[in-house]
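Chains as they are written, first to last, in the working numbering: chain E, 517 to 995; chain U, 421 to 901; chain V, 3 to 212.
Glycine included, C-beta positions come from ideal geometry on N, C-alpha and C.
The structure displayed is predicted, hence computed values, not measured ones.
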Ligand code: B12
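As C-alpha cells, then:
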C-alpha cells in the first residue's frame, strides 16, 4: 500500500513551495564560507556574490535527478541486521545527544555518563519497533572535543542494529568518525557498498553553510557515508513563523546542502532531514510538543518525496516533563501525522521535555507508541476475503463468528494490534494488578530487556584498530 | 465547531476500495437481509419492493440507492440550545460531543472510582458548558440513583435543564421516545423550527431490528428529530474480525436503518454512526483504546462522505484506567484518525477504561487533546504571503525574524498552537511550578470552571420548568408501574 | 492409528478430519477410553496450556474445543456413562431489563468449549424464570450476566428468589458483566465473579470442584 495516504499539501501547494524555495536560492542564495566550494559551484553555473552562492534551476534539477538515483538505502549492521529505507518504508530512530537523563533507580534527573549511553544502546537493541538507534545521550564524562567520536564508537560497539550516527559538526572529529565507520564496516570499500549507518550534518539557518560544516562535509560525503541533512530553523527566530515560510526555507537549505554534497561526491545517499520547530512565543523557550511539529514534518515528507528524497523527520516529541496524558498525546500526534504523510524515517525515541531530558521508561513507551503507529500506517486491507461475506452469512444463520477460521486467520495475521506494554484489560483487572500506570510497566520492561541483551566482545583485531583510532583522536583533539 | 477542510486529507482507503465495501454491503442487504420483528414494518418494506422471507427483509439495491439520494438532501441542519447557542451540522463542519451513560466515575474529591448519580450528571454537564472545544454534551454518566425505565429520559431532562449547549440524547424504547419528543417539542417553534438536539438509536448486530427499536425509531423519526444511527458490533463476535468485513456489515446495518427511517419519514436528517469496536482476544473483554477503533472510524468517515451522510464517530477512546501516557496516545490516535479523514461529529470527551469510567479531570484534558488534534488537522496557508520571502530577505541583511510584522501577524492569526492546559515551558520551569502533571493542572481547572458556570448559570423560566416537570410526571406515571 | 495424529488434530482445530481419525481409531481397535484420554483430551490439554501462557487467542481455544467435542460425539456410543460425563451443567442468562448478550454468549461458548453442558436461557430473563430453569435443569452452576448498573440489582433479586424457592444451596451462582465487581458479587452473596470469559471458565471449574 502507498505510504503517503495523508496529504497536508495539495500537489499544487507542493509545486508552489518548491518554486518559493527555488526563488530563495536564486535570489537570496546561500552563504557558503568555503572558497573552493564556491568556485566549484560557480563552475556549475551558480552566481557567486561575495560569500553568497545563488543557485540556478538547472543545477538544482540535476541534483534532484541524482538524489532520485540514490533513494534506496540498505543499512547493514555488524550483526547482519538490515534496515531498508526506500520511498515506501517507515523506519525509526532514536533521538541523539540528549544532555540529561532520568535515573532509572532514583527517578531523579541527572547528567548521563558513558554507562548510560551503553545501557540505553543495549535497551534499544531489544526494542522491536526501533530500527536504528542513535547515541541517545551526551555523556558528561567524555571530553567535549572527542564526544562525537566517542559516541560513534559506543554505538558501533553496543548496537546490534545499524546506527543513526551523531550529528557531526567538527571536521577534526569527522575525520575519526569516518575511520570508525570504515573500521566497523571492514574497510573503506565495504563501507561505500554496504553502509552500516549514517550521520547527520546541519547547515545553519537561515541559509548558511559555515566553514566547519563545509570541511565536515568534505570528510563525510567524500567517504560515502549516507548523510541526513538536518535543517533546523526555529519558526519566528531563524526562519519565518508561518509554517509555509519555514518549509520554503528548509527546503531551500536542504537543496543547497545537497548541491554542495553533489559537488563533493554525487554517490553519497542523502536524507531530507527537516527539523523545523517552534517556540513558546511568550517566553521564547522551544517546546517540541506543539502539533505544528507533526504538521510541518508531514508537509516535509511530501516535499521530500516530490524532490526524490528519502525523508528523516521529527516524530515522537513532547514538551511534557513527566509520564502524563500530555506526554502521550503530544508524542502520538507528532509521530502519527508524518507517518501517515509518508515519512520514511521517524525520530524521537526516548526523549521528553522538548528533547532535553531522556528516559529509559520513555524508550520503552515510545516503542509501544510506534507499534500503534506502524499498525495504523499499515491501514486496512479490502478484498473478498477480508470482507468475509460468508462469515456474516453464517452468523445470520445461527453460526458462530468467534471460532470461525476467518476470525482465527485474521487474528494471527495481525489484523488487531496487541499491546505489548500498554494496559489491555478492564478496570477491575487494573485494580487487581496494582493500578499500574504505563510508566511502572515500562520500568519493569526495561529491567527485563536489559537482562535479555547480551554483549559480545569485539574481535581482537577490530578492538585494537578501534582503540588506536580513539587514541589518535584523543591525541590530536585533546590538546 | 470547526470548519472541516473541503477535501479530507487522509484516505486510508482509495475510492475504489470504498466502492468495494459499498458493493459488499448491498449484497449483504440483498442476499442476507435484516431481521425485523415488527410485522407491519415488514409489510411496509415489502410494499417498497423488498423481499420478505419469514422475519427477514431482503432489501433491493434500488431502494437503497433512492434512500441514499434522499438522505443527501437532508444532511444540513442546525441545532439550537435552550440558551440560543447554535451548532451547525453538515459535511463541512466538525462538531464534538461527549461519551454517554458511563456507569462509574473517579470521584473528584477522593480519587476513588464509584457509581455515578444524578448529581454527577449535573456537575459534568455544567463542566461541559465551560469547555470551549466541546460543542454538545451527552449525559456523560449514568444516573444510577434513578429508575432504569425512565433513565434515558431523565438524562435528557437533566441535559435540557443544565446544558447551555444543544444536546445528544438516546432512546432504546418507544416510551422514552414518546416523551423525548415532548421534551424536544417544548423548544420547537415549528415554522422557524428550532431543534434542541438529536437522538442516538442503535439496531442490533448482526443485522437485527428488534421491535422496541423500530418502535422508538418510528416515534423519533416521524417527529423529524435528527437521528444518529449507531451500529456497534464487536469485531470477531458480532461481526467479522477483519476490519473490512466489520465495516461492510456496519455499513449494511446503517443503510438498512436509513431505509427503515425512510419508511417513517424521509425528511428526517440521519447521521452515519459506525461504532465498530474490538476486544482483547485473549480474555474477551472489549478494549476501546486499540488503534483499530480509530482506523475503523477513519474509514467510516470516508464511507459517510461517499454517501453524503454526516458522520458520527468514536473519537477519544482509551483503554487506560489512569491519567498516564497511554491514555494520552490512545485518545490522540483514535481522535486524529477520523478527524483527518473528514469526520463531522466526534465523540469521546470524558471517558477512560473503555468508556466504563468517567472523570472530571479527563473531560478537561480531553478538551486540550481535542484542541491539539484540531490544530494538527487544520493545515496551514500556502501562498506568497505565507512564504515570507521578504522576512527572510531582511533577516539575511541583518534584520530580525522575531520582531518582524510578518511574525506578529501570523502569531496573532494562530499559526502556532498555544496550549491552554498542557505544559508549555521547560524542565526547570516545570520543577519551579511544582512538577505538576496534566491531571493536577486539570484538577485546578475543573474547580475554576465549575465556579464559573455557577456564576453564569441562568435558571429555567418557571414556565418552562413547569412544563418539563409535567412531562416527566406523566412519563413516570406511565413508565414506572 | 497413531494417537499423536489425533492429539495434533485437536491442537490444530482440524475440524474436517477429527471424525475420520476417531473412526479410524475405533476400527483399528484402539480402546475408546484411550482415544478419549490420550487423544482428544490430551490435545485439548496442550491447547489449554498454550492458552494459559498467552500463546493462543480465545477463538483458537474455542475452535480446538469444538473439534474435540465433535470427536467425542463420534466416540460417545462406545464410552461408558462415567466417561461421557461433562464438566458440569451451567444455566446462563442475562437478567431482567437487560438485552446485552455479547458477553454472556462469549462466556457460554467458552464454557461449552471447556466441556460444560450449557443451557442458555437468553436475555431479559425475569427472576421467576431463572428459578424455574434451575429447578428443571438442576445445573451445578448458574451464570448471570448484567451489563447495566440499573440491572445489577436484578442479580440480587434473582439470588434472593433462589433462596426463597429453597434452591440456593443446590446451585453455585456466578455473576459477571462489565459494571459488576468482585465486591458487588460478595455483597449480594454470589459464589463467584469473573471479569472476562477466560476467567469465567477457570471460575466455573473451581466452583464445580468445591
Ligand atoms: C454493544 C453494547 C450495546 C448493544 C448490545 C447488543 C447486544 N446484543 O448485546 C446495544 C446497542 C443494544 C446496547 C443497548 C443499550 N446500552 Co449498551 N453497550 C454496549 C457496549 C458498547 C459493549 C458491550 C459488549 O458487548 N461488550 C463486549 C463483551 C464481550 O463484553 P462484556 O459484555 O463486558 O462481557 C465480558 C465480561 O463482562 C464477562 N461477563 C459478561 N457476562 C458474564 C457473566 C458471567 C456469569 C461471568 C462470569 C462473566 C461475564 O465476560 C465477558 C467476556 O469477556 C457497552 C460498553 C462497554 N464497554 O461494555 C455499552 C453499555 C453497557 N451500554 C450502555 C447503555 C446505557 C445502553 C442503553 C441503555 C442505551 C444505549 N446507550 O443505547 C441500551 C440498554 C438496552 C438494555 N435494556 O439492555 C452503557 C451502560 C451504562 C450503565 N449505567 O451501566 C454502556 C456501558 C455504554 C455507555 N457508556 O453508554 N448496548
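query: Proximity test, Cβ basis, 9 angstroms: residue 974 of chain E and chain V; result: no
query: C-beta neighbour in chain U for residue 940 of chain E, strict 9 angstroms; result: yes
query: CB contact check: residue 59 of chain V to chain E, cutoff 9 angstroms; result: yes
query: Contact test: residue 102 of chain V Cβ vs the ligand B12 heavy atom, cutoff 8 angstroms; result: yes
query: Three CB pairs or more closer than 8 angstroms across the region 480 to 493 of chain U and the region 735 to 742 of chain U; result: no
query: Three CB pairs or more closer than 8 angstroms across the region 500 to 518 of chain U and the region 722 to 738 of chain U; result: yes
query: Contact set for residue 174 of chain V: own chain, Cβ-Cβ below 8 angstroms, skip 5 residues either direction; result: 142, 143, 144, 193, 194, 209, 210 and 212
query: Per-residue burial, residue 737 of chain U [other beta carbons within 10 Å of its own, 16 or more giving buried]; result: buried
query: Near the ligand B12: residue 32 of chain V beta-carbon under 8 angstroms from a heavy atom; result: no
query: Neighbouring residues, chain V, relative to residue 945 of chain E (Cβ below 8 angstroms); result: 197 and 198
query: Pair within 9 angstroms by beta-carbon distance, residue 763 of chain U and residue 720 of chain U; result: yes
query: Between the CA atoms of residue 652 of chain U and residue 697 of chain U - distance to the nearest angstrom; result: 7 angstroms
query: Distance, residue 962 of chain E Cα to residue 652 of chain E Cα; result: 15 angstroms
query: According to DSSP, residues forming a beta bridge with residue 472 of chain U; result: U:477
query: Residue 935 of chain U to residue 881 of chain U span [Cα, whole Å]; result: Only positions 421 to 901 of chain U appear in this structure, which leaves residue 935 of chain U out of reach.
query: Beta-carbon contacts of residue 458 of chain U that lie in its chain and below 6 angstroms, excluding the five residues immediately before and after; result: 631 and 634
query: Per DSSP, the bridge partner or partners of residue 195 of chain V; result: V:177
query: Where residue 732 of chain U falls: helix, strand or coil (DSSP); result: strand
query: Runs of beta strand (DSSP E) wholly within the region 727 to 781 of chain E (minimum 3 residues, chain order); result: 743 to 747
query: Buried versus exposed call for residue 473 of chain U [16 or more other C-beta atoms within 10 Å across all chains shown]; result: exposed
query: Three-state secondary structure assigned by DSSP to residue 424 of chain U; result: Since pLDDT at residue 424 of chain U reaches only 45, below the 50 mark, its modelled position is unreliable, and the value read off the structure follows with that caveat. Correct three-state label for residue 424 of chain U: coil.
query: Min CB distance residue 872 of chain E to chain U below 9 angstroms; result: yes
query: Residue environment, residue 900 of chain U, which counts as buried when at least 16 other CB atoms sit within 10 Å; result: exposed
query: Exposure label - residue 198 of chain V; buried when at least 16 CB within 10 Å; result: buried
query: heavy atom of the ligand B12 below 8 angstroms from residue 590 of chain U C-beta; result: yes
query: Contacting residues, own chain, Cβ-Cβ under 7 angstroms from residue 70 of chain V (five flanking each side not counted); result: 12, 42, 45 and 46
query: Backbone secondary structure at residue 24 of chain V - three-state DSSP; result: helix
query: Any non-hydrogen atom of the ligand B12 within 8 angstroms of residue 624 of chain U CB; result: yes
query: Bridge partners - residue 713 of chain E, DSSP secondary structure assignment; result: E:679
query: Positions along the region 62 to 88 of chain V whose CB lies within less than 7 angstroms of some CB in chain E; result: 62, 64, 65 and 68
query: Contact test: residue 562 of chain U Cβ vs the ligand GDP heavy atom, cutoff 8 angstroms; result: Among the ligands present in this structure, namely the ligand B12, the ligand GDP is not found.
query: Backbone secondary structure at residue 608 of chain E - three-state DSSP; result: strand
query: Residue 119 of chain V versus residue 113 of chain V - alpha carbon distance; result: 8 angstroms
query: Those runs of the beta strand (DSSP E) which lie wholly inside the region 834 to 908 of chain E and span at least 3 residues; result: 861 to 865 and 873 to 875
query: Under 7 angstroms from the C-beta of residue 108 of chain V: neighbouring residues of chain U; result: 657 and 704
query: Rounded C-alpha distance that separates residue 709 of chain E from residue 841 of chain U; result: 51 angstroms
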